[in-house]
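**Student:** So the sequence shown is numbered by this note's numbering: it starts at 299 and just counts up by one.
Positions of the beta carbon are idealized from the N, C-alpha and C atoms, including for glycine.
Because the structure is a prediction, the values reported are computed rather than measured.
Would you mind keeping the following structure in view while I ask a few things?
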Amino acid sequence: METFKIVCAECHNVNTITNETMTCMTCQEDLDHPFAVEVTDESAKTHIEENDIAVIVDFYSTTCGPCMAMYEEYEDAALGFGQTVRFLKINADTHQQIAQAYGVSALPTLIAFKKGQEMNRVSKQLSQVELTLWAQSLL
Ligand SMILES: [Zn+2]
């Protein structure tokens, strides 16, 4: 049976699963998590590098107008994906280490990854439709 790795949105444990086992082995949380996940300097790399599913990262700041304007649209786009694309959020003010590691200089910056490899990035506000189309292109 085919297995793949998915990082738990709740406890950040790396699970190796089949399509039938969609529960975290550590915390029992559902791995089909259709919400954006706030990550830190510590947990971001695990999600970006260990997930077999595609990951989109939103580097934002609470003092950035376009970032805050996109907040709801980002959450709404995440609702459509669950265990197929993980939507992450990183506060680039409080987690500068990870923002620097990926060369983020403008906010918002959104980066898509597949198995740790950067696929593409944009540094502008996107709508829910644009985010959804982007995530679909990563499937
Ligand atoms: Zn867990």
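Taking 9 Å as the threshold (C-beta atoms), are A399 and Y372 in contact?
**Tutor:** Along the sequence shown, one-based indexing puts residue 372 at 74. Along the sequence shown, one-based indexing puts residue 399 at 101. Cβ atoms of Y372 and A399: not closer than 9 Å.
**Student:** Could you pull the DSSP bridge partners for F302 from this structure?
**Tutor:** Residue mapping note: residue 302 aligns to position 4 of the sequence shown, counting from 1. I315, per the DSSP bridge assignment.
**Student:** Closer than 8 Å to a non-hydrogen atom of ligand 1 - does that hold for the CB of H345?
**Tutor:** Locating residue 345 in the sequence shown gives position 47, where the first residue counts as 1. Answer for H345: no, Cβ out of range of ligand 1.
**Student:** Per DSSP, which residues does Q415 bridge with? Please list them.
**Tutor:** The count along the sequence shown starts at 1 and reaches residue 415 at position 117. Q415 is bridged to K412.
**Student:** In chain order, what residues have a CB nearer than 5 Å to some heavy atom of ligand 1?
**Tutor:** Those residues, listed in chain order, are C306, E308, C309, N311, C322, T324, C325 and E327.
**Student:** Under 8 Å by Cβ, that's how I've got I351 and T382 pegged, so tell me the actual separation to the nearest angstrom.
**Tutor:** In the sequence shown, residue 351 corresponds to position 53, counting from 1. In the sequence shown, residue 382 corresponds to position 84, counting from 1. Contact holds; Cβ gap of about 6 Å.
**Student:** For A307, does the count of other Cβ atoms within 10 angstroms reach 16, so buried, or fall short, so exposed?
**Tutor:** The residue you call residue 307 lines up with position 9 of the sequence shown. The residue in question, A307, is buried, as its Cβ has 16 or more Cβ neighbours within 10 Å.
**Student:** Could you pull the DSSP bridge partners for E336 from this structure?
**Tutor:** Indexing the sequence shown from 1 puts residue 336 at position 38. Paired residues: K387.
**Student:** Leaving out five residues on either side along the sequence, give the residues of the same chain with a beta carbon under 6 Å from the beta carbon of S421.
**Tutor:** In the sequence shown, the residue the question calls residue 421 occupies position 123. Cβ neighbours of S421 beyond the five flanking positions: A404 and T407.
**Student:** Do you know how far the Cα of A397 is from the Cα of C309?
**Tutor:** As a first step, residue 309 must be located in the sequence shown, where it is residue number 11. As a first step, residue 397 must be located in the sequence shown, where it is residue number 99. One C-alpha to the other measures close to 22 Å.
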